[in-house]
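Okay, so the sequence shown: first residue is 43 according to this note's numbering, each after it adds one.
Data first, discussion second: the structure below is written as structure tokens.
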Amino acid sequence: MRIFVSSLFHEGNSFSRLRTGAGSFAITRGEDLLEKAAGSRSSLGGACRALTRLDCQILPGLSAVSPPGGPVENGLFAQLCDEIVAGVRATRPDGVYLDLHGAMITESLDDPEGALIAAIREVAGPETPIAVSLDLHAYVTPAMLDGADLVLACKDNPHTDYDIAGERAATLLVEACQRRIAPVTAAIWLPLIFGAQMETARGPLASLHARRREILAAHPSLLDISICNCTTLVDVPAGDQCITAIADGDASSARSAVEELARMLWQLRDDFVPDFAPLDTVLADIAAGRLPRPAVLGDQGDRVLAGAAGDGTVIMAEIARHWPGLKAVVPVTDPAAVRAAQRVGIGGVFEAAVGGGLSKGVTPFRAEWTVAGLGDGRFIHDGPYLQNEPATLGDTAVIRAGNLTVLATSLPGFTQDPAAFRSQGIDLGAQDLVVAKSGYHFKISFGPIGPCVVVDTPGIANYRPGLLPFTKRRPVYPEDRIPDPRFAAEIFPPRRRSTAA
Ligand SMILES: [Zn+2]
Numbered sequence: 043m044r045i046f047v048s049s050l051f052h053e054g055n056s057f058s059r060l061r062t063g064a065g066s067f068a069i070t071r072g073e074d075l076l077e078k079a080a081g082s083r084s085s086l087g088g089a090c091r092a093l094t095r096l097d098c099q100i101l102p103g104l105s106a107v108s109p110p111g112g113p114v115e116n117g118l119f120a121q122l123c124d125e126i127v128a129g130v131r132a133t134r135p136d137g138v139y140l141d142l143h144g145a146m147i148t149e150s151l152d153d154p155e156g157a158l159i160a161a162i163r164e165v166a167g168p169e170t171p172i173a174v175s176l177d178l179h180a181y182v183t184p185a186m187l188d189g190a191d192l193v194l195a196c197k198d199n200p201h202t203d204y205d206i207a208g209e210r211a212a213t214l215l216v217e218a219c220q221r222r223i224a225p226v227t228a229a230i231w232l233p234l235i236f237g238a239q240m241e242t243a244r245g246p247l248a249s250l251h252a253r254r255r256e257i258l259a260a261h262p263s264l265l266d267i268s269i270c271n272c273t274t275l276v277d278v279p280a281g282d283q284c285i286t287a288i289a290d291g292d293a294s295s296a297r298s299a300v301e302e303l304a305r306m307l308w309q310l311r312d313d314f315v316p317d318f319a320p321l322d323t324v325l326a327d328i329a330a331g332r333l334p335r336p337a338v339l340g341d342q343g344d345r346v347l348a349g350a351a352g353d354g355t356v357i358m359a360e361i362a363r364h365w366p367g368l369k370a371v372v373p374v375t376d377p378a379a380v381r382a383a384q385r386v387g388i389g390g391v392f393e394a395a396v397g398g399g400l401s402k403g404v405t406p407f408r409a410e411w412t413v414a415g416l417g418d419g420r421f422i423h424d425g426p427y428l429q430n431e432p433a434t435l436g437d438t439a440v441i442r443a444g445n446l447t448v449l450a451t452s453l454p455g456f457t458q459d460p461a462a463f464r465s466q467g468i469d470l471g472a473q474d475l476v477v478a479k480s481g482y483h484f485k486i487s488f489g490p491i492g493p494c495v496v497v498d499t500p501g502i503a504n505y506r507p508g509l510l511p512f513t514k515r516r517p518v519y520p521e522d523r524i525p526d527p528r529f530a531a532e533i534f535p536p537r538r539r540s541t542a543a
């Protein structure tokens, strides 16, 4: 069996002033893709290992992975999409596997991944099975479920199980190619935005996932149930929570599963209340030794992992004002600071205000900086989240003012991983605290280094009802008062195939 594989990974943020261009994507193709995937904990990695085990020939297309951010440039998306579609056209595979985030947006498309799946369907023909695995923060659309045979998401947040989702999707894909299953999907959408408490092992989602597992165990005909909590920060029509269930042949068990879970989620809708720690308390705890060092702080408002620009300065300003004795490392997206550091070179000194150049309402932080290092920003993910996936921060500079070390990056980057810092020459063990622009995934990747605390900082990634200008994603709770939904699933039937196995 010949299976074409590709990945396209980007989570959109409609409120970012930045556009995501080619520089933000780590792109691999062909043999390099296969080599990367062999050791990767991405969904693509899990899928490739499953396909190898199942004796499939893997036809590698394109893998393009970017941190979350503003809309992807139209021309870039068209180019990536065309390359993947051309690969399917050229190889005429028996099946297609796609590792997609599921919440990409472009300058002009709200559902580029639905468009990509439709374009692949067009060239692959109606009978070639297409399987897609998603990040559970996907914006799942009817276009995706119409175009693909199998769409399923990872189950854990923080995401420890991308590879398991990829493996599951690829395994079901092969069974669909062999005509051993006829996947039918039931889906239900709920108009809800959640700004906090979105982990799956604690809080409101824990009970929902416990019930999901019970239902799956009780119904062997169910192939998957996925609960997608659409990312908070995309403003797209019906950007909703989506629960899907895939059954083999008969939709009834899938329908009743999603309708029950949707009722349950709706009942929980007021439980997603912020529980972030106050910054001043956390810094006082570190200074007093009540938190082991280095403590790792998730900068909730400025999470690049939710598409913010990563140019926030609130934490470094608070440290400078009240705790100048703390040795801290803070990443800041600031291409001008990187260029200034490159001009004076390592050991050189320059005065500049860093941060605040990309987001509204951020006060730049001025200091006299000594350049401790310059780098190209390239690294390979080391922690469990996206392990073995290459990434880039753009050119970087490590600059110091007193006990404060700033990792200035040219691009918003994946700083939820210790490798982002170590690769640029920063010794994390020598610090009292490290800041990651992440609210969930830094907990799994930094867990072995120190206690991980999400701090309540301002910015577009710290959702509070009424503060962001949602226009397309309306009406939606809690931005709007809305009546109880009908809890009626939509059914996406198995594709008609001309031949049986
Ligand atoms: Zn996610």
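Idealized CB from N, CA, C, for every residue including glycine.
All values derive from a computational prediction rather than experimental measurement.
| request: Report yes if the C-beta of HIS179 is less than 6 Å from at least one heavy atom of ligand 1; otherwise report no. | output: Yes.
| field | Completely contained beta strand (DSSP E) runs for the region 92-132, where each covers 3 or more residues | value | The qualifying runs are 99-107.
| The alpha helix (DSSP H) with TRP308 in it runs from where to where? | Residues 294-309.
| task | Could you tell me how far apart the beta carbons of ASP292 and SER263 are, in whole angstroms, since I believe they sit closer than 8 Å? | result | The pair is a contact, with the Cβ atoms about 7 Å apart (cut-off 8 Å).
| Spatial distance of VAL495 from PHE456 (CA atoms) | In a straight line, the C-alpha of VAL495 is about 17 Å away from that of PHE456.
| request: Can you grab the Cα-Cα spacing for the pair ARG134 / LYS197, in whole Å? | output: When rounded, the distance between both Cα atoms is 31 Å.
| query | On the premise that ASP153 lies in contact with ALA185, defined as a C-beta separation below 8 Å, what is that separation, rounded to the nearest angstrom? | reply | In this structure ALA185 touches ASP153 by the C-beta definition: roughly 6 Å separates them, less than 8 Å.
| field | CYS272: first and last residue of the uninterrupted beta strand (DSSP E) it sits in | value | Looking at the DSSP string, CYS272 is not in any beta strand (DSSP E), and its letter there is neither H nor E.
| query | According to DSSP, which residues form a beta bridge with PHE488? | reply | Answer is none; PHE488 lacks a bridge partner.
| query | Is it true that the CB of VAL300 sits closer than 7 Å to the CB of ILE230? | reply | With contacts defined by Cβ atoms closer than 7 Å, ILE230 and VAL300 form a contacting pair.
| query | Based on Cα-Cα distance, which residue from HIS201, ASP277, LEU96 and ILE441 lies nearest to ILE426? | reply | Rather than Ile, the amino acid found at residue 426 in this sequence is Pro. Each of HIS201, ASP277, LEU96 and ILE441 was checked against the Cα of PRO426, and the nearest Cα belongs to HIS201.
| Would a C-beta distance cut-off of 7 Å place ALA296 and ALA289 closer than the cut-off? | In this structure, ALA296 places its C-beta atom within 7 Å of the C-beta atom of ALA289.
| Own chain residues within Cβ distance below 8 Å of VAL386, not counting five before or after | Once the five neighbours on either side are set aside, the close Cβ partners of VAL386 are PHE392 and VAL413.
| said: Please tell me whether VAL138 and ALA166 are closer than 7 Å, where the distance is taken between their beta carbons. | reply: Pairing VAL138 with ALA166 gives a Cβ-Cβ distance under 7 Å.
| Reduced DSSP category for ASP341 - H, G, I as helix; E, B as strand; rest coil | Correct three-state label for ASP341: strand.
| message | Using the Cβ count rule (16 or more neighbours within 10 Å means buried), how would you classify GLY189? | response | GLY189 counts as buried, since no fewer than 16 other beta carbons sit within 10 angstroms of its beta carbon.
| Pairwise C-alpha distance: ALA207 and GLY331 | Taking the straight line from one Cα to the other gives about 40 Å.
| request: Whole angstroms is fine: what's the gap from PHE529's alpha carbon to LEU307's? | output: Distance between the alpha carbons of PHE529 and LEU307: 11 Å.
| message | What would DSSP say about PHE463, mapped onto helix, strand or coil? | response | Residue state for PHE463 is assigned as helix, using DSSP reduced to three classes.
| For GLU53, the nearest candidate out of SER108, THR355 and GLU73 (CA to CA) | That would be SER108, whose Cα lies nearest to the Cα of GLU53.
| query | Going by Cα to Cα distance, which pick from PRO113, GLY144, ALA260 and THR274 is closest to SER150? | reply | Nearest C-alpha to SER150: PRO113.
| Rounded separation between ILE126 and LEU104 - CA only | Cα atoms of ILE126 and LEU104: separation of roughly 6 Å, rounded to the nearest angstrom.
| task | Using only alpha-carbon positions, find the residue among ILE468, PRO279, GLY88 and PRO520 that is nearest to LYS369. | result | With distances taken between CA atoms, LYS369 lies nearest to ILE468 out of ILE468, PRO279, GLY88 and PRO520.
| query | For ALA92, which residues of its own chain have a beta-carbon under 6 Å away from its beta-carbon, when the five flanking residues on both sides are left out? | reply | So the list reads GLU209, ALA212 and THR213, once near-sequence residues are dropped.
| query | Rounded to a whole number of angstroms, what is the C-alpha to C-alpha distance between ALA128 and ALA106? | reply | Note on geometry: alpha-carbon atoms of ALA128 and ALA106 lie some 16 Å from one another.
| request: Given a cut-off of 7 Å, decide if GLY88 and ASP205 are closer than it, judged by their beta-carbon atoms. | output: Going by C-beta atoms, ASP205 is nearer than 7 Å to GLY88.
| field | N-terminal and C-terminal residue of the beta strand (DSSP E) that ARG408 is part of | value | Its beta strand (DSSP E) spans residues 407-417.
| said: Any contact between the region 311-330 and the region 253-267? By contact I mean 3 or more CB pairs, one from each, below 8 Å. | reply: No, the region 311-330 is not in contact with the region 253-267.
| Helix, strand or coil: which one does DSSP assign to VAL374? | Correct three-state label for VAL374: strand.
| request: Can you have a look at ARG254 and say buried or exposed, based on whether 16 or more other CB atoms are within 10 angstroms of its CB? | output: Buried, since its Cβ has 16 or more Cβ neighbours within 10 Å.
| Spatial distance of HIS143 from ALA478 (CA atoms) | Computed Cα separation, rounded: 21 Å.
| task | Look at the alpha carbon of ALA531 and the alpha carbon of ALA228, and state the distance between them as a whole number of angstroms. | result | Rounded to the nearest angstrom, the gap between the Cα atoms of ALA531 and ALA228 is 6 Å.
| request: Drop a sphere of 10 angstroms on the beta-carbon of LYS514, count the other beta-carbons inside from all chains shown, and report buried for 16 or more, exposed for fewer. | output: Exposed, since its Cβ has fewer than 16 Cβ neighbours within 10 Å.
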